[in-house]
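Visitor: So the sequence shown is numbered by the numbering used here: it starts at 257 and just counts up by one.
Below is a structure I'd like to ask you about.
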Amino acid sequence: MTAWRTAAHFVAHPPPAEWRDDLARRIGRRPRRVGLWTELAMYGARCCLDAAGEAALPANARLRVASLRGAWGATQAGLTQLDAGLPMPFTFMQSQPALMLAEVGRCLEWQGDASFMLCRDAQRLRALSQLGAGRGGLLFGTVEEARDDEPQCTEWWRLVPA
């Protein structure tokens, strides 16, 4: 069993008011045609790697993202548009976790083993994600849109073998 060391931990609960401008500065462009949830994931992942002192995620690293509800806002908007009789709305694509994973990989200059899971127990998922992870380590995040009286949240850990 591999022992792990936390190289960086980043949490924004809620993110600062200017987080979208900060994301654009960090990645050198404004994200386009992605939803808020994906932008939150990109922001948290990039900030965590910056905190770890890494310009890019190593090719042999693993990326895991968890959420209680995923891209809930985009899902609701897509269903509303579909209900109104519009053809398959673009918002539907923003509700797909695969798009989020692709955009996070792009902003980290990385391609590799990535997955998303709806989950109520992030600690358990983190432990499961560590199983079989290689020398490149793990970038693990939880991302939540605002709901009820809870603000937006993006929290990330960069774990490397000890």
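Backbone N, C-alpha and C define an ideal beta-carbon position, used for all residues, glycine too.
Predicted model, so just to flag it, every value in this text is computed and none were measured.
Tell me which same chain residues have a C-beta within less than 6 angstroms of the C-beta of A273, skipping the five on either side of it?
Guide: Along the sequence shown, read from residue 1 onward, the residue named residue 273 stands at position 17. Cβ neighbours of A273 beyond the five flanking positions: none.
Visitor: Quick check: what's the CA-CA separation for L394 versus G341?
Guide: Position 138 of the sequence shown, counted from the first residue, corresponds to residue 394. Position 85 of the sequence shown, counted from the first residue, corresponds to residue 341. In a straight line, the C-alpha of L394 is about 42 angstroms away from that of G341.
Visitor: DSSP three-state call for C303: helix, strand or coil?
Guide: For this step, residue 303 is matched to residue 47 along the sequence shown. The answer is helix: DSSP assigns C303 an H, G or I state.
Visitor: So which of D369, C409, S385 and Q408 has the shortest CA-CA distance to L415?
Guide: The sequence position of residue 415 within the sequence shown is 159, counting from 1. Minimum Cα distance to L415 is reached at S385.
Visitor: Inspect the beta-carbon positions of P287 and A280 and report whether they are closer than 9 angstroms.
Guide: Working through the sequence shown from its first residue, we reach residue 287 at position 31. Working through the sequence shown from its first residue, we reach residue 280 at position 24. Contact flag set, yes.
Visitor: Can you tell which of A312, C375 and W275 has the C-alpha that lies nearest to the C-alpha of Q367?
Guide: For the purposes of this step, residue 367 is taken as residue 111 along the sequence shown, with counting starting at 1. Closest by alpha carbon: A312.
Visitor: Less than 8 angstroms between the CB atoms is what I'm expecting for S323 and V267, so what's the real figure, rounded?
Guide: The count along the sequence shown starts at 1 and reaches residue 323 at position 67. The count along the sequence shown starts at 1 and reaches residue 267 at position 11. Their Cβ separation, rounded to whole angstroms, is 15 angstroms, which puts S323 and V267 out of contact at 8 angstroms.
Visitor: Out of curiosity, what's the CA-to-CA distance linking A389 and N316?
Guide: Residue 389 sits at position 133 when you count from the first residue of the sequence shown. Residue 316 sits at position 60 when you count from the first residue of the sequence shown. Approximately 9 angstroms, taken between the alpha carbons.
Visitor: Which whole runs of the beta strand (DSSP E) in the region 260-302 are 3 residues long or more, in chain order?
Guide: 260-268, all fully within the region 260-302.
Visitor: Cβ atoms of Y299 and R320: under 9 angstroms apart, would you say?
Guide: Here residue 320 refers to the residue found at position 64 when the sequence shown is read from its first residue. Here residue 299 refers to the residue found at position 43 when the sequence shown is read from its first residue. It is not a contact, given that the beta carbons lie outside the stated cut-off.
Visitor: In three-state DSSP terms, what is R318?
Guide: Taking the sequence shown and counting its residues from 1, the one referred to as residue 318 is at position 62. Of the three classes helix, strand and coil, the one that applies to R318 here is strand, per DSSP.
Visitor: If the criterion is Cβ atoms closer than 9 angstroms, does the pair A307 and A264 meet it?
Guide: Translated into positions along the sequence shown, residue 307 becomes position 51. Translated into positions along the sequence shown, residue 264 becomes position 8. Taking 9 angstroms as the Cβ cut-off, A307 and A264 qualify as a contacting pair.
Visitor: Classify A383: buried if its beta carbon has 16 or more other beta carbons within 10 angstroms, exposed otherwise.
Guide: Taking the sequence shown and counting its residues from 1, the one referred to as residue 383 is at position 127. A383 should be labelled exposed.
Visitor: I'd like the list of long-range same chain contacts for T410, defined as Cβ closer than 7 angstroms, with 5 residues on each side in sequence excluded.
Guide: By 1-based counting over the sequence shown, the position of residue 410 is 154. For T410, where only same-chain residues beyond five positions count, the Cβ hits under 7 angstroms are A268, P271, L296, A297, Y299, G300, G397 and V399.
Visitor: What first and last residue would you give for the beta strand (DSSP E) that runs through C375?
Guide: Position 119 of the sequence shown holds residue 375. Segment: none, C375 is in no beta strand (DSSP E) and carries neither H nor E.
Visitor: Since P417 is in the beta strand (DSSP E), which residue starts that stretch and which ends it?
Guide: Translated into the one-based positions of the sequence shown, residue 417 becomes position 161. Its beta strand (DSSP E) spans residues C409 to P417.
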